[in-house]
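Those protein sequences? They're chains R and D, same order as listed. In case it helps, my numbering puts the first sequence at residues 1 to 381. In case it helps, my numbering puts the second sequence at residues 1001 to 1381. Data first, discussion second: the structure below is written as structure tokens.
2 protein chains.
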Amino acid sequence: MLRPRQCGGRALGEGVKLSDEQRLDWLRLIRSDNIGPRTFRDLINHFGGAAAALKALPSLARRGGAVRPGRIATREEAAAELKASRAHGIVFVALGEPDYPLRLQMIDDPPPLLAVRGKLAILNRPLIAIVGSRNASAAGVKFAQSLAHDLGEAQYGVVSGLARGIDAAAHRGSIATGTVAVLGGGHERIYPPEHADLLEALLADGAAVSEMPLTWEPRARDFPRRNRLISGLSLGVVVVEAARRSGSLITARLAGEQGREVFAVPGNPLDPRAEGTNGLLKQGATLVTGAADVIAVLEPILGRPIEPPPAREPEPLAPAEIEPAADERARIVGLLGPTPAAIDDLVRLSGAKPAVVRTVLLELEIAGRLERHGGSLVSLV
Amino acid sequence: MLRPRQCGGRALGEGVKLSDEQRLDWLRLIRSDNIGPRTFRDLINHFGGAAAALKALPSLARRGGAVRPGRIATREEAAAELKASRAHGIVFVALGEPDYPLRLQMIDDPPPLLAVRGKLAILNRPLIAIVGSRNASAAGVKFAQSLAHDLGEAQYGVVSGLARGIDAAAHRGSIATGTVAVLGGGHERIYPPEHADLLEALLADGAAVSEMPLTWEPRARDFPRRNRLISGLSLGVVVVEAARRSGSLITARLAGEQGREVFAVPGNPLDPRAEGTNGLLKQGATLVTGAADVIAVLEPILGRPIEPPPAREPEPLAPAEIEPAADERARIVGLLGPTPAAIDDLVRLSGAKPAVVRTVLLELEIAGRLERHGGSLVSLV
């Protein structure tokens, strides 16, 4: 029984490595349709392992009312991805294994498998993210590069998203001390393509990280998902330049939700690229004019041990106890609609056991009928 | 007996106007050597009026050990200044009179007489200061002008120092709604001279204010003294652009000491003109990207009545009781040196009555041997 919320403790030297066979099953499961990081965790908790979960998927989807059940990744596909990845020098690190980044385990929806190219060890160094506009100003680029350089000199690894503008400047400034590029697509689909050389260069002392299939072409909507990894890997996020409603502000919001520090670089109010960062400062982000401002906040945090939050899941029940009765299933589905509802409310209003509600939600999700939102909210699609 | 610390209450409708004769004596006293606003207050408190203080000055100076006693302004000089001022339409408002700006009375060292040209009424409207670099950027000038305009539209009078750059932009932006120029020199010595037209133009709906003699040529060291009036007149100070160790930061510091709000406009960390403002933000100034940020802080303050702090001075003693004995005077002088000492410590260490210590300090000051610092600190010169 894997309980990811407890992996933090285990990973501190006690982590267990998956067997090759288990890793293959994990990859099949996470590459199957309708299965995101949260569903993956629920399935493993429910069935005790990926192999059992894979076997159960068709009947779960049927009970969830799938008209056309989602595709389950085949053993051959997963084996091919593992083989092709190995050829690139990519290592798959599984949630709960000793190499899995400690802070990333603490987020709500950590990727079960992280495909890492380059130096794995950098992921467990103190990391700080530096992000910002793609169409950055010359001053912004210069500042980001010098901030990344100074934080690198102070032994921090610098995390960013390999984008044009601020991201690339952050990687360039810290390329000699170690930098981590978190990809929106797969390792074979570097975006933007002109940063392929930058990526190759940063692998010498840093790493590239992806949770997506090797050949996944990143779409616009993959980047917010990717951004949770940028903040999730890091002690904090520095936003250098950001317009209103920009992706960097999503990263800052996620950082806040994940309990990470948020830093922002001030800018002239007449510069639209400073609207987002000045807004963050008004909301209480720490003002940064140099590396010392970041270090002053992070140094005290570094001293504290990383303690995983107490596990919230109850002990698993025997399958018979969590098998929903037909009327229970109908009652729970009846409570759902297109407006997100809290899972706690579903439990209360349905009168069903929490484990039963979770099972029904799992079935619906596998059937492609459920959408999960942040904060334990769910809705029908 | 005038007790300026209580004038706030009196000025709220109960203020008494000085007679012409009294105003002449006040002007003579404040124009005499070695007499600043604090000494003026002490003298009035000690002698019950300016006429008696003027009479006592020579003997005070002698007892304070003046080698060459300071010059006492003559009756003719004061009358000439009053007459010349009247010709310019200048009105002298005395501390404690109904027209004296309420908030300015609350500062530690309010000028006994304020020479006002233009619309006197603006001084008792809600005022906000906007200050900043003389060598401002084009963006800074544009921002200051538009901020002043918007605050003017919101019924605030805008106070500034008539300097080049940000100050002039602040006046220009609020010229139609009302703006106050606080001068470093006298009304006949406008600095910089090229802003004489701007000054004339702003008098239609605003005012120019000075505590200096009509023909006083402002020197560099007069501006920090002037800056206390900019902040003292205002609910708060917005610093738009400021390099490190600039005059605008002095105004911000004085505003803080006077219990006024401090606002700062953020800027790019690579711009030296933003070093001061970003520094203020790190110290807790409110970040301003538009008038709304200022109004949000000031609006709740406007609702509160202005309450003068409780009077700290004891009731005056009969002259015999505050006449220092020869050994007391020697003991107090012996405790003084070039390093600033707290007046409270002098009282404690000398064993003399507080009123006696104040008398000795007054004598030393009139004799030109004492320097007063902020926070009730004094040193020998």
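From the three backbone atoms N, C-alpha and C, an ideal C-beta is built for every residue, glycine too.
- No Cβ of chain R is located within less than 7 Å of the beta carbon of D:K1119.
- For R:E81, same chain residues with a beta-carbon under 7 Å away, outside a window of 5 residues either side, are L27, P213, L214 in chain order.
- For R:A139, the neighbours in chain D by C-beta distance under 9 Å run, in chain order, N1268, P1269, L1270, D1271.
- With its beta carbon at least 7 Å from every one in chain D, R:F47 lies outside the interface.
- Here the region 261 to 279 of chain R lies against the region 221 to 238 of chain R, with 3 or more beta-carbon pairs under 8 Å apart.
- Its chain contains L1018, R1023, W1026, Y1100, P1112, L1113 as the residues whose beta carbon lies nearer than 7 Å to that of D:A1094, once the 5 sequence neighbours on both sides are disregarded; these appear in chain order.
- For the options D:L1127, D:N1045, D:L1298, D:A1079, the alpha carbon positioned closest to that of D:G1232 is the one of D:L1127.
- If you ignore the 5 residues before and after R:Q145, its C-beta comes within less than 6 Å of the C-beta of A169, R172, G173, all in its own chain and listed in chain order.
- Between D:S1137 and D:A1242, the gap from beta carbon to beta carbon reaches 7 Å or more.
- D:R1221 and D:S1379 have their C-alpha atoms spaced approximately 19 Å apart.
- For D:K1055, the closest Cβ of chain R is not nearer than 7 Å.
- Across the structure, R:H46 and R:A52 are spaced so that their CA atoms are roughly 9 Å apart.
- In this structure, the CA atom of R:E200 is about 46 Å from the CA atom of D:D1293.
- In this structure the region 1267 to 1275 of chain D does not touch the region 1150 to 1167 of chain D; the number of beta carbon pairs closer than 8 Å is below three.
- Under the criterion of beta carbons closer than 8 Å, R:A207 and R:I122 qualify as touching, at roughly 5 Å.
- As the crow flies, the alpha-carbon of D:G1048 is around 35 Å from that of D:L1302.
- Within the region 237 to 254 of chain R, no residue places its CB atom closer than 7 Å to a CB of chain D.
- Using a CB distance cut-off of 7 Å, R:L380 does not count as an interface residue toward chain D.
- Going by beta carbons, R:G70 and R:D109 fall outside the 7 Å limit.
- Within chain D, the residues whose beta carbon sits less than 8 Å from that of R:L281 are P1266, L1281, L1287, listed in sequence order.
- Between D:R1125 and D:I1090, the C-beta gap is not smaller than 7 Å, which leaves the two residues out of contact.
- Around D:N1278, the beta-carbon contacts reaching into chain R at under 8 Å are P266, L287, T289.
- Under the DSSP assignment, D:T1179 falls in the beta strand (DSSP E) whose first and last residues are 1179 to 1182.
- Scanning chain D for C-beta atoms nearer than 8 Å to the C-beta of R:F143 yields N1268, P1269, L1270, reported in chain order.
- Following the DSSP letters along the chain, one finds D:L1113 inside the beta strand (DSSP E) bounded by residues 1113 to 1118.
- Secondary structure of D:R1304 (DSSP, three-state): coil.
- Taking C-beta atoms under 8 Å as the contact rule, R:I230 and R:V182 qualify, at a distance of about 5 Å.
- Around the beta-carbon of R:N135, fewer than 16 other beta-carbon atoms lie within 10 Å, marking it exposed.
- According to the DSSP assignment, D:G1236 belongs to the beta strand (DSSP E) that extends over 1236 to 1239.
- For D:I1250 against D:N1227, the beta-carbon gap comes to about 5 Å, under 8 Å, which counts as contact.
- With respect to the 7 Å criterion, D:S1350 and D:I1332 are classified as neighbours on the basis of their beta carbons.
- R:P193 counts as exposed, since fewer than 16 other beta carbons sit within 10 angstroms of its beta carbon.
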